[in-house]
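Visitor: Each residue of the sequence shown is one higher than the one before, counting from 4 in the numbering used here.
My structure is below; once you've seen it, I'll send some questions.
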Amino acid sequence: MPSFALQGLGVSSGIAIGRAQLVSHATFEVAHYSIPAGRVDGEIARLDHALTEVRAELLGLHGAMTAGDAPAEFSAFIDVHTMILSDPTIAEVPKRLIAEQHCNAEWALTQQMNVLVEQFEEIEDAYLRERKADVVQVVERVLKRLLGKPGALVPAGAEQHTILVAHDLSPADVIQFKTHRYAGFITDLGGVTSHTTIVARSLAVPAVTATHNARALIRENELLILDGTNHVVIVNPDKAVLAEYRAKQGALDVERTKLRRLKTKPATTRDGHLIELQANIELPDDLVQALDNGATGIGLFRSEFLFLNREGLPSEDEQFEAYRSVAAGMDGKPVTIRTFDLGADKQKEGLDGLARVAPNPALGLRAVRFCLAEPRLFLTQLRAILRASHYGRVKILVPMLASISEIEQTLVLIAQAKDSLAERGVPYDPGIEVGGMIEIPAAVLAISAFLEKLDFLSIGTNDLIQYTLAVDRSDDAVAHLYDPLHPAVLKLIAMAIAGAARARVPIAVCGEMAGDPQLTRLLLGLGLRNLSMHPAQLLTIKQRVLATDVGALMPFIARMRRLDDPAKLVAQLDKLNE
Ligand code: PEP
Ligand code: MG
């Protein structure tokens, strides 16, 4: 088998060696295979079983919708899906295809879906034409049942020797891999800080994204070396290369063991600045990894992940339990819960405002904008967070703020949520702190108004870079333009820090810049004392903090703040890191 290498973006460092397991997004790349004549009835029964399961799933959903506080359009949407599922074009035709063509159930279903989508595209009425998206979603539900959960991908015990190779997965798809211990992760697409990339990074295994055609070139079970540090994947390595990488892997393991000794050591710089190193988490279970790596708090709980990969919306009680478990688990250390940031690359089916394909999703109804458009959903979450605040040190963090009116409206809703809990006699922390994410340049340029209304700030550099440079963070075609060291980005970060310092309002960074050891000294030099990152990065960054003298950085930082030439900035950063 020929050996070759693929370049990508090394989004999570380290070396993985293992066998390729190709992963598909349900609708796009289902397996095509022939069924022997004797197994045709069994294949039809398999499809029948999946259809029955989805029917039950939709029925359950409908019940939950009418009982909970989901918007009315959600149950109408479930009704449409139930009708589509029972229509003979979905319920019967694919079975006929299996019988006639001896193809597998997934193949039959996607063939029929393509026929239906084509028919819908010819309809003149725009409303009816758009219903093709519902057909696709129903088929996806059935395919998911047929394909099983990702857990069924490889036999138990083989996970540590398996590298997942995917074309393009949503953040919701990737998060399902968190409960597994795969050796590494490769995708064709994904910008430097797309949420798919961020979740891939949080799997705490080496990962390379934006390889463009790994999924097409790599075959099932081929031997792979994934070098996340050097952004490369080697397919079918020869013996000498394999031996070299095994040696490198061994050296990295020794390094990692050394780092573990830093777990309980305070992150104090050489000149005595104590730095808060906190964790970014997506789900309550991530708490274990955060504590294991010595996090002094949760700086960012991306609560929207509770809304993904599930039927319907999490109720107030479910959300409360998730937030309470993290608050209690952190044992008095701060837990910053970001109100849900759905939209852009984190979609949730069934919510009208999001279901519409926005012309520019990242500039559309995302995060706090969506929350304010759906106050009922927002209030449910705010009540759940407030209830959890009784069990730990909880803070509320509001994403994507651009204008003061969004803060004012949010504060009114928080007051309403408090009132309704008080009426019910439910305890909560009346002094709960409310902070804002600084991730839109407008928020930095108008920061004084923000500082008057908020208790703390957290700079979301992933979006701040995207919105400052007009570079879509999830588009690998412009990944080379996505530059944390762009002079405009550094100026905005410095401005935000200076504004917060003047107003004596605490400020942190929770974007991916916080977990990049190349940037630690720069951020400390700019005045940051609180960094929040993926748990897997915490000890590496602590090691960097311990080796830094902030006072000695100041002349370099002063020079960097005056520079407008990116090449000179990079050269200065190198000096800073010497
Ligand atoms: C950010 O934008 O930097 C951030 C931390 O939030 P997210 O990556 O979830 O958009
Ligand atoms: Mg953001």
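Cβ coordinates follow ideal geometry from the N, Cα and C atoms, glycine included.
Computed from a prediction, not measured in an experiment: that's the story for all the values here.
I'd like the list of long-range same chain contacts for residue 407, defined as Cβ closer than 8 Å, with 5 residues on each side in sequence excluded.
Guide: Taken in chain order, the residues that qualify are 449, 452, 453 and 456.
Visitor: How big is the Cα-Cα spacing for residue 152 and residue 109?
Guide: With a pLDDT of only 42 at residue 152, under the threshold of 50, the placement of this residue in the model should not be trusted, and no figure is reported.
Visitor: Whose C-alpha, out of 556, 504, 194 and 204, is nearest the C-alpha of residue 522?
Guide: Among 556, 504, 194 and 204, the Cα nearest to that of residue 522 belongs to 556.
Visitor: Provide the residue(s) that pair with residue 143 in DSSP beta bridges, ordered along the chain.
Guide: None, per the DSSP bridge assignment.
Visitor: Taking 5 Å as the limit, name every residue whose beta carbon sits nearer than that to some heavy atom of the ligand MG, in sequence order.
Guide: Going by the Cβ distance cut-off, the answer is 442, 463 and 466.
Visitor: How far does the alpha helix (DSSP H) with residue 117 in it reach, from first residue to last?
Guide: Unbroken alpha helix (DSSP H) run through residue 117: 108-124.
Visitor: To the nearest whole angstrom, what separates the beta carbons of residue 471 and residue 444, a pair I think is in contact under 8 Å?
Guide: Residue 471 to residue 444, Cβ: 5 Å. Contact.
Visitor: Whose CA, out of 263, 327 and 425, lies closest to the CA of residue 392?
Guide: Considering only alpha carbons, the answer is 327.
Visitor: In the DSSP assignment, what residue or residues form a beta bridge with residue 459?
Guide: In DSSP, residue 459 forms a bridge with 438.
Visitor: Within this structure, are the beta carbons of residue 181 and residue 286 separated by less than 8 Å?
Guide: Yes, Cβ-Cβ distance for residue 181 and residue 286 is below 8 Å.
Visitor: Per DSSP, what kind of secondary structure is residue 186 in: helix, strand or coil?
Guide: Residue state, collapsed to three classes: coil.
Visitor: Are the stretch 168-179 and the stretch 192-203 in contact at 8 Å, needing three or more beta carbon pairs?
Guide: Segments in contact, yes.
Visitor: Check for me: the beta strand (DSSP E) holding residue 165 runs from which residue to which?
Guide: Residues 165-169.
Visitor: Compute the Euclidean distance between the alpha carbons of residue 277 and residue 186, then round it to the nearest angstrom.
Guide: One C-alpha to the other measures close to 35 Å.
Visitor: So what does DSSP say about residue 9, is it helix, strand or coil?
Guide: The answer is strand: DSSP assigns residue 9 an E or B state.
Visitor: The ligand PEP and residue 303: does any heavy atom of the ligand fall closer than 7 Å to the residue's C-beta?
Guide: Yes, the ligand PEP has a heavy atom inside 7 Å of this Cβ.
Visitor: If you run the structure through DSSP and keep just helix, strand and coil, what is residue 565?
Guide: Helix at residue 565.
Visitor: Cα separation between residue 520 and residue 220?
Guide: C-alpha separation (whole angstroms): 33 Å.
Visitor: What is the DSSP secondary structure of residue 39, reduced to helix, strand or coil?
Guide: Coil, per DSSP.
Visitor: For the ligand PEP, is there any heavy atom lying closer than 7 Å to the beta carbon of residue 201?
Guide: Result yes, Cβ under 7 Å from the ligand PEP.
Visitor: Over the uninterrupted alpha helix (DSSP H) stretch that includes residue 177, give me the two end residues.
Guide: Its alpha helix (DSSP H) spans residues 174-178.
Visitor: Would you mind stating whether residue 573 and residue 495 have Cβ atoms separated by less than 8 Å?
Guide: Cβ atoms of residue 573 and residue 495: not closer than 8 Å.
Visitor: Mind checking which residues open and close the alpha helix (DSSP H) that includes residue 350?
Guide: No alpha helix (DSSP H) holds residue 350; DSSP gives it neither H nor E.
Visitor: Rounded to whole angstroms, what is the Cα-Cα separation between residue 142 and residue 101?
Guide: Each residue's alpha carbon lies about 16 Å from the other.
Visitor: How about residue 344: is its Cβ closer than 7 Å to a heavy atom in the ligand PEP?
Guide: At least one heavy atom of the ligand PEP is nearer than 7 Å to the Cβ of residue 344, so yes.
Visitor: By the three-class DSSP mapping on this structure, what secondary structure does residue 20 have?
Guide: Strand, per DSSP.
Visitor: According to the neighbour-count rule (16 or more other Cβ atoms, all chains shown, within 10 Å of its Cβ), is residue 545 buried or exposed?
Guide: With 16 or more other Cβ atoms within 10 Å, it is buried.
Visitor: Following the continuous beta strand (DSSP E) through residue 400, name the residue where it begins and the one where it ends.
Guide: Start and end: 396-401.
Visitor: Could you pull the start and end residues of the beta strand (DSSP E) that residue 337 belongs to?
Guide: Per DSSP, residue 337 belongs to the beta strand (DSSP E) from 337-341.
Visitor: The alpha helix (DSSP H) spanning residue 496 covers which residue range?
Guide: 490-506 is the span of the alpha helix (DSSP H), which, as asked, contains residue 496.
Visitor: Less than 7 Å separating the Cβ of residue 513 from some heavy atom of the ligand PEP?
Guide: The answer is yes for residue 513.
Visitor: With residue 214 and residue 428 assumed to form a contact (beta carbons below 8 Å), what rounded beta-carbon distance in angstroms separates them?
Guide: Rounded, the Cβ-Cβ distance is 56 Å, inconsistent with contact.
Visitor: Under 8 Å Cβ to Cβ from residue 89, same chain only, skipping five residues before and after it: list those, please.
Guide: Same-chain partners within the cutoff: 58.
Visitor: Using 8 Å as the threshold, is the stretch 501-517 in touch with the stretch 528-536, meaning 3 or more CB pairs across them?
Guide: Yes: the two stretches touch, three or more of their Cβ pairs being nearer than 8 Å.
Visitor: Straight-line CA distance for residue 379 to residue 420?
Guide: Going from the Cα of residue 379 to the Cα of residue 420 covers about 10 Å.
Visitor: Between which two residues does the alpha helix (DSSP H) holding residue 381 run?
Guide: Unbroken alpha helix (DSSP H) run through residue 381: 378-391.
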